[in-house]
Amino acid sequence: MGVGRRLCFVWRGPMCRLPPPARTAPADFRRMPALDLHQSLYRMALVVSVLGIAPIAMQAQPTNLEAFQQIALNCLAEAPAATSAFVLEPPGQLPYLRQALVDHWQRQDYTVYTAADSARRALPTFSYRIEQVAVRYDRAGRRHLDRALTLGLAYTYTAADGRLLADARCADTFTDRIARADREQVETTAYPETQGEVPQGWLRRYLEPAVVIGSAALGTYLFFTLRSTRQSDG
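Numbering (this note's numbering), first residue to last: 1137 to 1370.
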């Protein structure tokens, strides 16, 4: 407190006027931007949609059966393009290929007859056979497998008068990586050709045979050792 302020406090005369107290400048606060409710809801919806789509994307991998169907479509779908109706003679193996092919051709407005149909006499015949089908898994770390699905086909397209219109082969391999836990889900128990063997790790590949051989050798050694001991005692 200054001298003038102390005197005025003691005397309190009419001429004693205290200067107004100095005003301190207010602190410089930053204004927070107003919360945009619509923007926040949009961001929340985006996060939820991403979290919801991620599991669906992970489940979008085809099964082995579906991959074989796609290879067959890539090889054979356009083969009988010269006519709008034909007789199909498929093989007895892999009936799900026939189903996928017929569904595709019917969507393309083709008329497909079976070999037993009476209309086959005046129609060309399309036949195919399976030459190769294989499922292979390779280890890709502890939790994943590299998958390779190979399908080889041969087809013949014959005119109604017996002329050979087309005779060709087609083979392709589908590859991707799957989780080891999903192996049984991509295979179809009813069709053994959609199943494959998972390669063993080095521990089971080398250690287990060594243990078996060692156990057999030890058993043989003990057998002859005990036999020799008994003969010596006798």
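Cβ coordinates follow ideal geometry from the N, Cα and C atoms, glycine included.
Can you tell me which of the three DSSP states residue i falls into?
{"i": "Glu1323", "result": "coil"}
{"i": "Thr1224", "result": "Position check: residue 1224 holds Leu in this sequence, whereas Thr was assumed. Note: Leu1224 maps to strand in three-state DSSP."}
{"i": "Asp1239", "result": "helix"}
{"i": "Asp1253", "result": "coil"}
{"i": "Ala1304", "result": "strand"}
{"i": "Ala1196", "result": "coil"}
{"i": "Pro1335", "result": "coil"}
{"i": "Asp1245", "result": "coil"}
{"i": "Thr1219", "result": "coil"}
{"i": "Ala1213", "result": "coil"}
Can you list, in chain order, the residues of its chain whose CB lies under 6 angstroms from that of residue i, leaving out five sequence neighbours each side?
{"i": "Pro1231", "result": "none"}
{"i": "Thr1330", "result": "Asn1200, Leu1201, Glu1323, Thr1324"}
{"i": "Pro1227", "result": "Arg1265, Ile1266"}
{"i": "Pro1335", "result": "Arg1275"}
Less than 8 angstroms between the beta carbons of residue i and residue j, yes or no?
{"i": "Ala1376", "j": "Thr1311", "result": "No answer is possible for residue 1376: the residues shown for the chain start at 1137 and end at 1370."}
{"i": "Gly1332", "j": "Val1269", "result": "no"}
{"i": "Ala1258", "j": "Ala1296", "result": "yes"}
{"i": "Tyr1246", "j": "Ser1263", "result": "no"}
Once the 5 residues before and after residue i are set aside, which same chain residues still bring their CB inside 8 angstroms of it?
{"i": "Asp1253", "result": "Val1223"}
{"i": "Arg1279", "result": "Ala1315, Arg1316, Ala1317"}
Within a Cβ cutoff of 7 angstroms, which residues of the same chain sit near residue i, ignoring the five residues on either side of it in sequence?
{"i": "Asp1164", "result": "Annotation note: pLDDT 47 at Asp1164 (below 50); position unreliable, coordinate value reported separately. Hits under 7 angstroms: none found."}
(request) Kindly provide the ranges of any beta strand (DSSP E) runs that are 3 or more residues long and lie completely inside the region 1258–1302, ordered along the chain. (result) Secondary structure remark: continuous beta strand (DSSP E) runs of at least 3 residues inside the region 1258–1302, in chain order: 1261–1275, 1280–1294.
(message) Within 8 angstroms, do at least three Cβ pairs link the region 1204–1211 to the region 1292–1312?
(response) The answer is yes - the region 1204–1211 touches the region 1292–1312, with three or more Cβ pairs under 8 angstroms.
(request) For the region 1195–1207 and the region 1321–1336, state whether three or more C-beta atom pairs, one from each stretch, are separated by less than 8 angstroms. (result) Yes, they touch.
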